[in-house]
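K.L.:
For the sequence shown, position 28 matches number 384 in my numbering, and the numbering has no gaps at all. Yeah, the Cβ is synthetic: ideal placement off N, Cα and C, and Gly gets one too.
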Amino acid sequence: MQLTSLPNSQRPREKLIEKGAKALSDAELLAIFLRTGLPGMNVIELAQHLLNENKTLHNLFNASMEEFCAQKGLGTAKYVQLQAVLELSQRYMQERCQRDAIFNSPNAVYDYLTLQMRGLQQEVFMVLYLDSQNRLIKDEILFYGTINSASVYPREVVKAALKNNAAAVIFAHNHPSGIAEPSQADKLITNKLQQALQLVDINVLDHIIVGGETCVSFAERGLI
Numbered sequence: 357m358q359l360t361s362l363p364n365s366q367r368p369r370e371k372l373i374e375k376g377a378k379a380l381s382d383a384e385l386l387a388i389f390l391r392t393g394l395p396g397m398n399v400i401e402l403a404q405h406l407l408n409e410n411k412t413l414h415n416l417f418n419a420s421m422e423e424f425c426a427q428k429g430l431g432t433a434k435y436v437q438l439q440a441v442l443e444l445s446q447r448y449m450q451e452r453c454q455r456d457a458i459f460n461s462p463n464a465v466y467d468y469l470t471l472q473m474r475g476l477q478q479e480v481f482m483v484l485y486l487d488s489q490n491r492l493i494k495d496e497i498l499f500y501g502t503i504n505s506a507s508v509y510p511r512e513v514v515k516a517a518l519k520n521n522a523a524a525v526i527f528a529h530n531h532p533s534g535i536a537e538p539s540q541a542d543k544l545i546t547n548k549l550q551q552a553l554q555l556v557d558i559n560v561l562d563h564i565i566v567g568g569e570t571c572v573s574f575a576e577r578g579l580i
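#1: What did DSSP end up calling Ser573 once you bin it into helix, strand or coil?
#2: Let's see if you can read the secondary structure: which residues bound the alpha helix (DSSP H) around Lys519?
#3: Taking the beta carbon of Pro363 as the centre, do at least 16 other beta carbons fall within 10 Å, making it buried, or is it exposed?
#4: Rounded to a whole number of angstroms, what is the C-alpha to C-alpha distance between Asn408 and Asp382?
#5: Return the bridge partner residues of Asn408 from the DSSP annotation.
#6: Within this structure, are the beta carbons of Ala524 and Asn490 separated by less than 8 Å?
#7: Would you say the segment 527-535 touches the segment 425-440, given that touching needs at least three Cβ pairs under 8 Å?
#8: Kindly indicate which three-state DSSP category Asn490 falls into: helix, strand or coil?
#9: Out of Gln437, His529, Lys371, Lys378, which has the shortest C-alpha to C-alpha gap to Leu390?
#10: Ala383: beta carbon under 7 Å from a heavy atom of the ligand SAH?
#11: Does the distance from the CB of Ala516 to the CB of Val560 come in under 8 Å?
#12: My output table needs one value for Val312: the three-state DSSP class, helix, strand or coil.
#13: Can you tell me whether Lys371 is buried or exposed? The criterion is at least 16 other CB atoms within 10 Å of its CB, across all chains shown.
#14: Given a threshold of 16 other Cβ atoms within 10 Å of its Cβ, counted over all protein chains shown, does Leu416 qualify as buried or as exposed?
#15: Does DSSP put Ala433 in a helix, a strand or coil?
#16: What does DSSP give as the partner residues of Phe481 in its beta bridges?
#17: Considering only the beta carbon of each residue, do Glu512 and Leu498 sit closer than 8 Å?
#18: Using only the alpha-carbon positions, how far apart do Phe424 and Asp467 sit?
#19: From Gln478 to Ala552, what does the alpha carbon distance come to, in whole angstroms?
#20: Quick check on Ile580: does DSSP put it in helix, strand or coil?
#21: Does the Cβ-Cβ distance between Val556 and Ile564 come in under 8 Å?
Here is the structure:
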């Protein structure tokens, strides 16, 4: 059925205007992004086909450019548009967190870090700099690659924390494998960093490992 044959209440754009974005299904929201369908397949049917093929929105949005463009109804232009939308969403969430969030528990930072690190193919080490009320001052990726004592330098972490006038910090790094369990190297470098920061009266509140959609907190495990 052509989209123009549907009543206004079933057309994604009109439905969004009337009821708001939350009233739309995943397929309807994706259809608005796609804009047009294919011969013999209207845009909602195309959107549902893509969701069925990819199983989840996460799989679709995290596909490589080659994988994304190889799918029916997609191409380079759509890939570029999607990456722009995802980056805008991430920056919007960053602004909200920087303005509103108080990071006083592991759960308060899980969503933030998952958003920041989701889909990264390389391991990175991030520091969240917090003020005396545990509000986010800034986040910063300090190191890239496998996290160990040879690649994470306590002196550089101390310098960065002092530069940002942090009263406390939270460390975070990702495991691209999707397994969030801390390694022995993770534990050792966390201990070294904690000792270094204690010398300048900066508290280490947590070290969180992000593996896919899963996070592990050192604080919750009693490792800090």
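P.N.:
Looking at the coordinates:
#1: strand
#2: 510-519
#3: exposed
#4: 11 Å
#5: Looking at the DSSP assignment, Asn408 forms no beta bridge with any residue, so it has no partner.
#6: yes
#7: no
#8: coil
#9: Gln437
#10: The ligand SAH is not part of the structure shown, which contains no ligands of any sort.
#11: Result no, Cβ atoms of Ala516 and Val560 do not sit closer than 8 Å.
#12: Outside the displayed span of the chain (357 to 580) sits residue 312, for which this structure offers no information.
#13: buried
#14: buried
#15: helix
#16: Paired residue(s): Phe499, His529.
#17: yes
#18: 25 Å
#19: 26 Å
#20: Taken through DSSP and simplified to helix, strand or coil, Ile580 comes out as coil.
#21: The answer is no: Cβ separation not under 8 Å.
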